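The sequence shown runs 10 to 129 under this note's numbering.
Even for Gly, the Cβ is constructed at its ideal location relative to N, Cα and C.
Nothing here was measured: the structure is a model prediction, and the numbers come from that model.
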Amino acid sequence: MIAAAAGSPQNKSDSKWVAPADAAAKKNPLIGTSGAVAAGKKLFLRHCAECHGEDGAGIQDAADLRVLQVQNQSDGSLFWKMTNGNVKAGMPPFARLSDTERWQIVCFVRTLKGEEHPEK
């Protein structure tokens, strides 16, 4: 989902897919909210894991959401990428999910940064 929302679908740098400054500056209203990560995980497994895998490592050409290239992006950037997608690169838009659901997924994706993994 966040190739889905976060990086490029081929696990390569996609420097052209950058959130606009106003979107990147958006703050996640759910940070520190009880249950946001758990809800985000359920949504991630339902909507994102098919391409990104249950652990966010990426399946086939989907982005590895654990890598610094993704994790160093702002919450607002991840939210924008998830909302708008990049169909040419294989990332569908998820605007059909509510704002709350998309922010919950961002909260969960942030938990993936603690995984031990090599940069791809």
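| Item | Value |
| --- | --- |
| contact_flag[the segment 101-108, the segment 41-48] where n(CB pairs < 8 Å) is 3 or more | no |
| Top-ranked residue by Cα proximity to Val79, from Asn37, Val118, Gly62, Lys35 | Val118 |
| Collapsed DSSP secondary structure at Asn95 in the structure displayed | strand |
| Residue closest to Thr120, alpha-carbon to alpha-carbon, out of His56, Glu63, Lys25 | Glu63 |
| Val27 versus Ser86: straight-line alpha-carbon distance, rounded | 8 Å |
| Sequence-distant residues of the same chain with beta carbon closer than 6 Å to Gly49, five excluded per side | Gln113, Ile114, Cys116, Phe117 |
| Neighbourhood of Glu110 by C-beta distance below 6 Å, restricted to the same chain and skipping five residues each side | Leu52 |
| Neighbourhood of Thr92 by C-beta, 7 Å cutoff - its chain only, sequence neighbours within 5 removed | Pro102, Phe103, Ala104, Arg111 |
| Close Cβ partners of Gly94 (< 6 Å) along its chain, the five nearest in sequence each way excluded | Met100, Pro101, Pro102 |
| Val76 classed as buried or exposed, judged by whether at least 16 other C-beta atoms fall within 10 angstroms | buried |
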